Amino acid sequence: QNWDMSNEFPGTSLHGQVADFFAAELADNSEGEIDVTVHHGGALGYKTIDHFDAVGDGAIQLATSPFSAWLGIDPIFQLSALPFLAPTTADARRLYDLAKPEYEKVLEDNGQVFLFATPWPPSGLWGNKAFESAADLEGVKIRTFDVTATELLKGVGAFPIKLAWSDVPAQLSTNAIDAVLTSANGGVGVQLWELQSHFTQVNYSSGLQAVHMNRDTWDGLSEAQQADVLAAAEAAEALGWQLAADSIAKDFAVMRENDMEVVESVPAEFTAFLNEAASPVVSEWAEKIGERAERILSAYRQ
Amino acid sequence: MDALLAAFTVFGILIVFLSAGLWVFASIALVSVTSLWLIGDMNLARIGTITAAIVNRYAAAWELSAIPMFIWMGEIVFRTDISMRLFRGLSPFVNMIPGRLLHTNVMGCTMFAAVSGSSTATTATVGKITTRELFGRGYDKSLAIGSLAGAGSLGLMIPPSLVMIVYGILAEESVARLFAAGVLPGLMISGLFTGYIVLRSLMNPSLVPGERQRYGLRDFLGAFLDLLPLLVLMVIVLGSIYSGIATPSEAAAVGVCMSLLIVILTGQFSVRLITESLMGALRTSTMICVLLIAAAVLSTTMGFLHIPADVAAGIASLNLSPWGLLAILSLFYLGLGFLLDGNSIVVMSLPIALPLIVQAGFDPIWFGVYLVLMIEMAAVTPPIGFNLFVLQGATGYPISRVAKAAFPFFALMVVGVLLLAVFPQIALWFPNLIYGP
Amino acid sequence: MSRFYLAVYRISQGSAIIAAAALVAMVAFIAYEIVLRYFFSTSTFVQDEFLGYGLSVCIVWSLGYTMENGSMIRVNLLSTRLSYNQQRWLDAIGALATGVLVLGLAWMFWVRAARAYERGTVSATSAEVPIWIPESLILVGLLLFALQLVAHALQRINDHPSPAPGMVLDHQEQ
Ligand code: NA
Ligand code: NA
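Protein chains in written order, with the working numbering: chain A, 17 to 318; chain B, 2 to 438; chain C, 244 to 417.
So, in structure tokens, the structure goes:
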């Protein structure tokens, strides 16, 4: 069988590597019976937000998609991007394991199979100074990536600005924005050190990226083939979590090589301040979702 | 199916539809549907799902929104005395240069390229302003059309550039460096075009109408005043980008607002101007955008048929020497350029071409510039060449005539590619100067 | 039939006026965003999204008008060698084939919009726009285009002049 898999991000990105690994494992496991072509960099013309229905309708058999694009389809996908809820990769993993049945259900209801998810490295603040207190955020123009981050930053006195990722370097170089909320990995990918001097690891959140598959394609597989897919998924998932954890130290080293100041942890007072600012955002989200959210959150907080 | 055979089949079907006189956008859409059905072995439901998703993605792509706005700005300039003043104002300055006003195309495109990130917007806007004036004054039509087709593609080489942003993101290279690397090659291409026009005009004076006259200091002063409105417009649009007030894609809206302001200040504002410029802008930009959407569907089709990736993988398996690799890749891109538009070419081939190029010891920033030049060439080669389409729409001439007029400029770009390959410093010197090696 | 042709063309003109309004709105929206960002250090947070909707109306709703005015380009390799009547029929068949394509696409957009409505899908921004609205706008624009394509085909079959003032037939252009 020949399958097509869509990925909006470059093949060299963390999730691009995971997708390639999954394809190779699957070819190995199935002894060449299943051949997956991964189309990186949006080469099939799909953006992540299109993947949900493209896979559900069987236009493509597989895709790798960050949950952040699917908030409008079901707000449960916001869970992993909630601010300061799961600061470390280990926390993110625990939250993921608790929420996995919900993710599986939403995808199942829409004609697809959830195979596995891997994290983005935790996001922090790139800027021309360290951010270590509430006062440091006052009046700073920060590029954000979603509604929650925008609301949160407004609440703490910063000026959030939403821009396309491709406009970020130009807007930084003209001082139209002062700082960028993204992971160390995201900034290293576009050599943000040419434009910024500091990175503060505030551990905002670690969003998830899922690999999902068309249900008809899945149902058409023999039991042995299904087992091959699941085995490849399991191996790729393990690799993805490992890569994300490893990438943090690696990216910090690259940043320091390029004369950046990396602040690996912030004062407890500032963490408490950020958590306090985030808590209404989290409860507002939980209210919107209802019982499903309460169940996951109370289990997570125990 | 073998990738090359599939590629030729797609090409063949396209030629059939185009020859039958079907609209170009419909031909591209139909060839996509037919290829997915015949070669991709897909059913109609799946083809429909794929097509609708891509159409929705590109019809509502904010990245394309600058195109109708830049074209509207061109329509406003075209319908007021700003464009006539441009020519009157340039006359004394270009009077001594063989070819005289023919240089307005190359100069205009080079300047406008610094404002716009796409080659179609550059060609359409400058073309709207210059073709009527040049034809009316009796300049050689082929040279006018050809220089416009060639110079319009500078929109991608001279920053800002949409294709370079795409390349930078996919190759994980600094977009700022890429932009800097495009400046000198852009000016080099512009210089080659200018030199060619000078040469042709010297060899055949009948290409240029005999209106040479003597100009005094007073004339130059008056000429400067004539150029002022357009200079102000350019300074403000460029200034808005480089001061960070507007992003490159927002600069088009700044341009529209400023041109309206100039029109009001010079007392030329009328309801009729607004309605006519709007409807004119709509006709041109709809024609261009619907082509871009159809081209996106074709590029998705090629992706599903695995054509670019398979061919690139085939090249990889040849284990060529660096120069052999570069030569083959150039032919490959030239071939893709017949059928695809710039962004698609970059996106579909890069994952395989870039590692090969880096392994062979070429600089990825340099390769980005090289690739943009290849894409500029694709824009002037039939059957799918966007600058040709834009000029066909603007002049009403058949595409064969437009393509023929553009050919010498295509050849000059080949010279540009060779120069770039032999002297990579043309691209790398400037970014290294600004950002360090 | 003249009345039908004219009525269809008026509809195309009307929808093109809406498309033009969308273009004006896009410019105004960006100007507003720039002012917000520069003077008030804030943003609408939905610029990309609304520019996208604006662009889709701007393009799709002016398709019929653009086509009927002869601004959609063709390559004309073979057709210029044909007789006037042969050209007429080839043109009509081309318009009908395009019409079928556009109707098929409209059907897919109906499916998409209906699903988005049922599922309650909204955009992932602070605007939370129900996705069925922009997709229906494209659907309506495609239907209007299909109508103009059918009228265009009938005009060519009946050798009736186009009601569009700017319309230049291909054979007159050469
Ligand atoms: Na440019
Ligand atoms: Na071409």
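For every residue, glycine included, the Cβ atom is placed at its ideal position computed from N, Cα and C. Computed from a predicted model, the values in this text were never measured in an experiment.
{"Asked": "Local conformation of A/HIS228 per DSSP, three classes", "Found": "strand"}
{"Asked": "Reference B/GLU76, options B/PRO356, B/LYS405, B/LEU279, B/GLY338, closest by Cα", "Found": "B/LEU279"}
{"Asked": "Within 8 Å of chain C by C-beta, residues of the region 294–317 of chain A in sequence order", "Found": "none"}
{"Asked": "C-beta neighbour in chain C for B/GLY63, strict 7 Å", "Found": "Strictly speaking, residue 63 of chain B in this sequence is Trp, with Gly absent from that position. True, the Cβ-Cβ gap to chain C drops below 7 Å."}
{"Asked": "Reference A/VAL270, options A/HIS214, A/ASN219, A/TYR316, closest by Cα", "Found": "A/HIS214"}
{"Asked": "Pairwise C-alpha distance: B/ILE358 and A/PHE286", "Found": "47 Å"}
{"Asked": "N- and C-terminal bounds of the beta strand (DSSP E) containing A/HIS55", "Found": "51–55"}
{"Asked": "Unbroken alpha helix (DSSP H) run spanning C/LEU390, endpoints", "Found": "375–400"}
{"Asked": "Chain A contacts made by the region 286–308 of chain C, where a contact means CB separation under 9 Å", "Found": "SER286, THR287, PHE288, VAL289, GLN290, ASP291"}
{"Asked": "Residues in the region 358–382 of chain C having any Cβ partner in chain A nearer than 8 Å", "Found": "ARG358, ARG362, THR364, VAL365, SER366, ALA367, THR368, SER369, GLU371, ILE374"}
{"Asked": "Whole-angstrom distance between A/TRP86 and A/ILE65, CA atom to CA atom", "Found": "6 Å"}
{"Asked": "Local conformation of C/TRP285 per DSSP, three classes", "Found": "Just to set this straight, residue 285 of chain C is Thr in the shown sequence, not Trp. Residue state, collapsed to three classes: coil."}
{"Asked": "Interface partners of A/LYS121 on chain B, CB under 7 Å", "Found": "Chain B residues near A/LYS121: none, gap ~23 Å exceeds 7 Å."}
{"Asked": "For A/ASP51, the nearest candidate out of A/TYR62, A/LYS63, A/PHE37 (CA to CA)", "Found": "A/PHE37"}
{"Asked": "Same chain, Cβ closer than 6 Å to A/ASN219, neighbours up to 5 away in sequence not counted", "Found": "PRO103, PRO138"}
{"Asked": "Continuous beta strand (DSSP E) stretch holding C/ARG355: start and end", "Found": "Not the beta strand (DSSP E): C/ARG355 falls in the alpha helix (DSSP H), residues 327–362."}
{"Asked": "B/MET74 and B/VAL257 closer than 7 Å at C-beta", "Found": "yes"}
{"Asked": "Presumed contact (8 Å Cβ cut-off) between B/PRO99 and B/SER202, rounded CB distance", "Found": "4 Å"}
{"Asked": "Beta-carbon gap between B/GLU173 and B/ILE366 smaller than 7 Å", "Found": "no"}
{"Asked": "Every unbroken alpha helix (DSSP H) within the region 185–230 of chain A, with a cutoff of 4 residues, ordered by chain", "Found": "200–205"}
{"Asked": "CB contact below 7 Å: A/LEU60 versus chain B", "Found": "yes"}
{"Asked": "Short Cβ contact (7 Å threshold) for B/ALA380 with B/GLY386", "Found": "yes"}
{"Asked": "Interface residues of chain B facing C/ALA263 [CB-CB closer than 7 Å]", "Found": "LEU279, MET280, LEU283"}
{"Asked": "Nearest-angstrom Cβ-Cβ length linking C/PRO377 and C/TYR296, presumed shorter than 8 Å", "Found": "5 Å"}
{"Asked": "Simplified DSSP assignment, three categories, for A/GLN17", "Found": "coil"}
{"Asked": "7 Å Cβ cutoff met for B/ILE435 and B/ALA115", "Found": "no"}
{"Asked": "Cβ of A/THR190 within 7 Å of any chain B Cβ", "Found": "yes"}
{"Asked": "Buried versus exposed, by CB contacts within 10 Å (16 or more), A/SER238", "Found": "exposed"}
{"Asked": "Contact list for A/THR105 against chain B, beta-carbon separation under 7 Å", "Found": "None at all; the shortest Cβ gap to chain B is about 22 Å."}
{"Asked": "Check whether A/LEU188 and A/GLY173 have beta carbons under 7 Å apart", "Found": "no"}
{"Asked": "B/LEU357 - DSSP class collapsed to helix/strand/coil", "Found": "helix"}
{"Asked": "C-beta atoms of A/LEU224 and A/SER96 nearer than 7 Å", "Found": "yes"}
{"Asked": "A/GLY61 beta carbon less than 7 Å from that of B/LEU171", "Found": "no"}
{"Asked": "Length of the line joining the Cα atoms of A/PHE175 and B/LEU228", "Found": "40 Å"}
{"Asked": "Chain C contact residues for B/THR81, given Cβ-Cβ distances below 9 Å", "Found": "Neighbours of B/THR81 on chain C: none; closest Cβ ~17 Å, over 9 Å."}
{"Asked": "Per DSSP, the bridge partner or partners of A/ASN23", "Found": "A/THR80"}
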